[in-house]
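Residue numbering for the sequence shown follows my numbering, starting at 22 and increasing by one per position.
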Amino acid sequence: MSVTIPASDHSPTVRSRAVADHSVPTGREEEWRFTPLDRLRGLHTGGLDLSVGVDVSVDTDGFTT
Numbered sequence: 022m023s024v025t026i027p028a029s030d031h032s033p034t035v036r037s038r039a040v041a042d043h044s045v046p047t048g049r050e051e052e053w054r055f056t057p058l059d060r061l062r063g064l065h066t067g068g069l070d071l072s073v074g075v076d077v078s079v080d081t082d083g084f085t086t
């Protein structure tokens, strides 16, 4: 005997890696409820300057490659 449990969430699930297939979160979605979207403004609109790089340098004693 097998029992099928219906899905509790009936919202459509997008399973894609393409950015254009996903909508911009508003903060009212359950997955984004505790995310401070106001602090991430510009991230979803393409307003970030991605040309700026970050240089990381680590100097440790006794480590060789």
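Positions of the beta carbon are idealized from the N, C-alpha and C atoms, including for glycine.
Values in this document were obtained by computation on a predicted structure and should not be read as measured data.
In the three-state reduction of the DSSP assignment, Val-40 falls in the helix class. One Cα belongs to Gly-63, the other to Ser-44, and the distance between them is close to 14 Å. Fully enclosed alpha helix (DSSP H) runs of no fewer than 4 residues are not present anywhere in the stretch 53-79. Taken atom to atom, the span from the alpha-carbon of Arg-38 to that of Thr-56 is near 21 Å.
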